[in-house]
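In structure tokens form, the structure reads like this:
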């Protein structure tokens, strides 16, 4: 579960662990991940993962592949919202780079661990924000001409849905793994307090 040290990611990881799953909290801040893991009962480990860095994504994938020959469930949950204009370590607009491109890369690097597993899932958490000023700005993906943090968030969340639909289309011939998108709407987590 990416972004599993707080909010929806934490609650998802907690429930999965309490129901017997071996859960990996894939988090940017390992110390916060350890603190979150200490509040969960069950088989829980922490994995460093910064979705704003392709080097971090590659490193996390190497670790995950070494420690998990099979993956039953990948939950692409982590994300950033409504930031000032920034870029990832690799120069991508932060919201698109983290929320979409980071998860795209991670999924691609782990997909061969999911495909052989009957009933496996890739769940990408989107948002109803995909409707807010949402469009894929193919002529300005990086928002270099003008920046709208609401528009950038909407674009990233719309891209999550498009990615999920296309991933499902491509993997359905394997008959084992399903790609689904979810959006929680407004959720009452500690992030809203």
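In the numbering used here, the protein residues as written are 70 to 262. Note that beta-carbon positions come from the ideal geometry of N, C-alpha and C, so glycine has one too.
Going by beta carbons, residue 179 and residue 143 fall inside the 7 Å limit. Residue environment analysis places residue 149 among the buried positions, since at least 16 neighbouring C-beta atoms fall within 10 angstroms of its C-beta. When DSSP states are grouped into helix, strand and coil, residue 155 belongs to the coil group. Inclusion of residue 82 and residue 73 in the CB contact set at 7 Å is warranted, their separation being smaller than that value.
Rounded to the nearest whole angstrom, the C-alpha separation of residue 133 and residue 116 is 8 Å. Ranked by Cα distance from residue 77, the first of 119, 166, 110, 145 is 145.
Partner residues in the beta bridge of residue 92, as assigned by DSSP, are 113. Beta-carbon to beta-carbon, residue 191 and residue 184 are separated by about 10 Å, too far to satisfy the 8 Å threshold.
Boundaries of the beta strand (DSSP E) around residue 145: 142-145. Along the length of the stretch 157-200, whole beta strand (DSSP E) runs at least 3 residues long occupy 190-194, reported in chain order.
Taking C-beta atoms as the reference points, residue 157 and residue 203 fail to come closer than 7 Å.
Excluding the 5 residues flanking it on each side, residue 90 has same chain C-beta neighbours closer than 8 Å at 111, 112, 141, 142, in chain order. For residue 126, the enclosing alpha helix (DSSP H) stretches over residues 123-136.
Rounded to the nearest angstrom, the gap between the Cα atoms of residue 188 and residue 238 is 16 Å. Put simply, of 205, 214, 242 the residue whose alpha carbon is nearest the alpha carbon of residue 229 is 205.
When DSSP states are grouped into helix, strand and coil, residue 203 belongs to the coil group.
Looking from the CA of residue 160, the closest CA among 223, 124, 231, 201 belongs to 124. Here the alpha carbons of residue 97 and residue 108 stand approximately 18 Å from one another.
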